[in-house]
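Asks:
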Amino acid sequence: MDTVNQMRIFVRIAEAGTFTAAARTLNTSPGAISRAIAELESRLRTRLLHRTTRKVALTSAGQLYLQRCAQILSDIEKAEEEASQAQQRPAGQLRVHSFTGCGMYYVLPAIKEYRLKYPDVAVDLTLSQDVPQLYDGHIDVAVITTSSPLPDSDLISHLLGSTVSILCASPAYINKIGAPSTPDDLVDHDCLILRANAFPANDWLLESLDRSAVMKVSGSVTLNTAESTALAVKASMGIGVLPVYAALDGLADGSLVRILPEYTLQKMNLYALHPSRQYTDAKIRTWVTFLREYVATSTARDLLLLSSYA
1 MDTVNQMRIF VRIAEAGTFT AAARTLNTSP GAISRAIAEL ESRLRTRLLH RTTRKVALTS
61 AGQLYLQRCA QILSDIEKAE EEASQAQQRP AGQLRVHSFT GCGMYYVLPA IKEYRLKYPD
121 VAVDLTLSQD VPQLYDGHID VAVITTSSPL PDSDLISHLL GSTVSILCAS PAYINKIGAP
181 STPDDLVDHD CLILRANAFP ANDWLLESLD RSAVMKVSGS VTLNTAESTA LAVKASMGIG
241 VLPVYAALDG LADGSLVRIL PEYTLQKMNL YALHPSRQYT DAKIRTWVTF LREYVATSTA
301 RDLLLLSSYA
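With the first letter of the sequence shown counted as 1, position 8 gets the number 8 in my numbering; the numbers rise by one all the way through.
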């Protein structure tokens, strides 16, 4: 028998006063109770109870052990209650990893709104372009963008929303170099290469209502985030591919101009990933549900705003 159960039996005997009464409350036999105490005393190498024909009494060692056992069992009960509540009430630390771009434009604003609804959840957000290892226990939920199907895995995936990318340049670049009129003209321009999981680097897939073209472009500058690419475009370093969420502010303030506005680049899906678990924490469950609604609304809004720059 494990130590915790032996502790429970010992405490119940001390409370009930006899082995028989303790056995009755524990729904077991007096013999099983007696064997458990004998094993406990043998392991501790000390007598905990004085036994008589009518009742039991605690030895001095038993009195000390009772105090410790009562505290330990109380702590165990509290721990089990807290663990059970974690399945029902969102609380504690939620560890989120996100790709930088969608993290800045969608995840971080969503965290602000989520915590207004669930103030007992503290969020630890990590932004990077790396795909995290979700099985090591350091991340609860990862948010990624990809233009490819998700590989088979044991992870649970939730589609949050979809977006597209567009071509942009600065007004100064257009004044100096000119703007391409067709996708084929891109070969004559210095293109900023975005090296990221969601983009096939030098191969730009442009799509319009009546044409689809894969353009192999070249450029002298390669970057690994949409945010750095947006800064490079604004600095007139070339034509760049920007996700809608990274382009809208620049289009609104005039620091960016949409190039070939009848075309968009490959569709990107945003996913939330978390390990498969039979019992998912309430904070993970509510966060994913909240994020799905928030991102779906935000991406639909952004695509509507983009239509005004066509």
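For every residue, glycine included, the Cβ atom is placed at its ideal position computed from N, Cα and C. Being a predicted model, the structure only gives us computed values, none of them experimental.
1. In the region 160-189, which residue ranges form an unbroken beta strand (DSSP E) of at least 3 residues, counting only runs that do not cross its ends?
2. Apart from the five residues on each side of it in sequence, which residues of its chain come closer than 7 Å, Cβ to Cβ, to Leu-256?
3. Give the DSSP-derived three-state secondary structure of Gly-240 in the structure shown.
4. Where do the N-terminal and C-terminal ends of the alpha helix (DSSP H) with Ala-226 fall, by residue?
5. Please report the Cβ distance between Leu-94 and Asp-140, rounded to the nearest whole angstrom; I am assuming they are in contact, meaning their Cβ atoms lie under 8 Å.
6. Less than 8 Å between C-beta atoms, sequence neighbours within five positions excluded: which residues of the same chain meet that for Ser-220?
7. If we count the other Cβ atoms within 10 Å of its Cβ and call it buried at 16 or more, is Lys-283 buried or exposed?
8. Ordered along the chain, which non-local residues of its own chain (more than five positions away) have a Cβ less than 8 Å from that of Gly-254?
9. Pull the bridge partners of Leu-49 from the DSSP assignment, please.
10. Measure the alpha-carbon distance for Ala-96 versus Met-104 and round it to whole angstroms.
11. Which class does Ala-23 belong to by DSSP, given the choice of helix, strand or coil?
12. Is the beta carbon of Thr-286 less than 7 Å from the beta carbon of Pro-90?
13. Along the beta strand (DSSP E) that carries Arg-211, what are the first and last residues, could you check?
Replies: The structure says:
1. With a minimum length of 3 residues, no continuous beta strand (DSSP E) run stays inside the region 160-189.
2. Cys-168, Ser-170, Val-233, Lys-234, Ala-247 and Gly-250.
3. Taken through DSSP and simplified to helix, strand or coil, Gly-240 comes out as strand.
4. Ala-226 -> alpha helix (DSSP H) spans 226-234.
5. The C-beta distance from Leu-94 to Asp-140 rounds to 6 Å, short enough to meet the 8 Å contact threshold.
6. Contacts found: Asp-190 and Gly-238.
7. The residue is buried, with at least 16 neighbouring Cβ atoms inside 10 Å.
8. For Gly-254, where only same-chain residues beyond five positions count, the Cβ hits under 8 Å are Pro-171.
9. Leu-49 pairs with Leu-58.
10. A small fix is needed here, since residue 96 is Val in this sequence, not Ala. Computed Cα separation, rounded: 13 Å.
11. Helix.
12. Yes, Cβ-Cβ distance for Thr-286 and Pro-90 is below 7 Å.
13. Where Arg-211 is concerned, there is no enclosing beta strand (DSSP E), given that its DSSP letter is neither H nor E.
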